[in-house]
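Under this note's numbering, think of the first position of the sequence shown as 8, with each following residue one higher. C-beta atoms are modelled at their ideal positions from N, C-alpha and C, and glycine is treated no differently. Below: one structure, written as structure tokens.
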Amino acid sequence: MTEKYIKLLSVYLNKLKIEESNLNAAAKLMADAIKNDRLIHIFGTDPHSASIGDEMFCKGGGLVNINPFYDPAFSLAHGGYRCSLCQTLDGLAPVIMEYYENVRVGDPIIIIGSRPDKLILTQAVDKA
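Now the structure itself:
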């Protein structure tokens, strides 16, 4: 069991290594945003991904320039079935992103999604 875990961990660490230049570029975008007093927007495209924004926002010692997109479309308080339906609504992502008026050209947007095949995720990436 330990050997299997270490092997799997090695696979994921290798994926990080492959993406190192992209991760460094993203880190620089975020650092520049902080330095220039810009917001870093977080858009989780499903209930669990949206909760990641919670972990980055309003934490003691955390960054103050985090702006999560809290949209009821992805709140489990309104029901899981509704959330699933919203993930397939054509045009929902651009509407949500336009609703948040404080997004300026050049602001970094972190888009999080657990299912790359969902329409909401692909449209969010296209809109960003």
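Q) Between L46 and the rest of its own chain, which residues show a CB-CB distance below 6 Å, the 5 nearest in sequence each way excluded? A) Along the sequence shown, read from residue 1 onward, the residue named residue 46 stands at position 39. Taking L46 as the centre and dropping the five residues before and after it, the same chain places the C-beta of N72, N74, D114 closer than 6 Å to its C-beta, in chain order.
Q.
Spatial neighbours of C93 within its chain, please: C-beta separation below 8 Å, excluding the five flanking residues on both sides.
A. Here residue 93 is taken as the residue at index 86 of the sequence shown, counted from 1. The residues are A80, F81, L99, I127.
Q) Are the beta-carbon atoms of I116 and G51 separated by less than 8 Å? A) On the sequence shown, position 109 is the one that residue 116 refers to. On the sequence shown, position 44 is the one that residue 51 refers to. Taking a C-beta distance under 8 Å as the contact criterion, I116 and G51 do not qualify as a contact pair.
(Q) Which of the three DSSP states is assigned to P79 in this structure? (A) For this step, residue 79 is matched to residue 72 along the sequence shown. Helix.
Q. From M104 to K134, what distance separates their C-alpha atoms?
A. Looking up residue 104 in the sequence shown gives position 97. Looking up residue 134 in the sequence shown gives position 127. When rounded, the distance between both Cα atoms is 8 Å.
Q. Which class does G51 belong to by DSSP, given the choice of helix, strand or coil?
A. The residue labelled residue 51 in the question sits at position 44 within the sequence shown. In this structure, G51 counts as strand in the three-state DSSP scheme.
Q | G60 burial status per 10 Å Cβ neighbour count (16 or more: buried) | A | Stepping through the sequence shown from its first residue, residue 60 is reached at position 53. Note on G60: 16 or more other CB atoms within 10 angstroms of its CB, so buried under the neighbour-count rule.
(Q) I need the straight-line Cα distance from A34 to Y12, nearest angstrom please. (A) Within the sequence shown, the letter at position 27 stands for residue 34. Within the sequence shown, the letter at position 5 stands for residue 12. Each residue's Cα considered, the two are about 29 Å apart.
**Q.** Span of the alpha helix (DSSP H), counted from its first residue to its last, around Y12
**A.** Numbered from 1 along the sequence shown, position 5 holds the residue referred to as residue 12. Looking at the DSSP string, the run of the alpha helix (DSSP H) that includes Y12 is 9-25.
Q: Any chance you could list the beta strand (DSSP E) runs of at least 3 consecutive residues sitting entirely within the segment 78-122, in chain order?
A: As far as the segment 78-122 is concerned, its whole beta strand (DSSP E) runs of at least 3 residues are 116-119.
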